[in-house]
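The block underneath contains the structure these notes are about, expressed in structure tokens.
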């Protein structure tokens, strides 16, 4: 399968690019991200393979793998990438998309007074809006 602009036009790939600010097409599969990853042995899809699957438009495979949840977001992959593709941001974007799909966990502005009354820290509120609001 070839990497074409057609593969990168799917809605999920566009959402990943928008959320992460990364262009997965920039990756040329050198494998430095995988070699640097401290948790790659626990992953079912290796870091460079995640980018390749996204390049091929196979976002469903990435969204159903364990790798996105195992990623420690240590940014070692980003530090080693010769093309400056921040894979940790891509993984976070995939997690955010999955969390947003869960309708029951959506955080709504009208729920805020109740949340604040429970003493939730401000950082948690901002994080919740970033992940659960669209």
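Numbering (the numbering used here), first residue to last: 6 to 139. Beta carbons: idealized from backbone N, C-alpha and C, even for Gly. Predicted model only: the values in this text are computed from it and were never measured.
DSSP places residue 104 in the uninterrupted alpha helix (DSSP H) bounded by 92 to 106.
With a contact defined as Cβ atoms closer than 8 angstroms, residue 44 and residue 58 miss out at about 18 angstroms. Under the three-state reduction of DSSP, residue 78 is assigned to coil, being neither helix nor strand.
The beta carbon of residue 99 sits closer than 7 angstroms to those of 21, 67, 68 and 73, all from its chain and outside the five residues before and after it, given in chain order.
When secondary structure is reduced to three states using DSSP, residue 49 falls in the coil class, being assigned neither helix nor strand. The beta-carbon separation of residue 88 and residue 27, rounded to 10 angstroms, does not stay under the 8 angstroms limit for a contact.
Taking C-beta atoms under 8 angstroms as the contact rule, residue 91 and residue 70 fail to qualify, at a distance of about 19 angstroms. The three-state secondary structure of residue 28, taken from DSSP, is coil. A distance below 8 angstroms separates the beta carbons of residue 52 and residue 82.
When secondary structure is reduced to three states using DSSP, residue 16 falls in the helix class. The residue among 76, 46, 54 and 84 with its C-alpha nearest the C-alpha of residue 36 is 54. In this structure residue 25 touches residue 95 by the C-beta definition: roughly 5 angstroms separates them, less than 8 angstroms.
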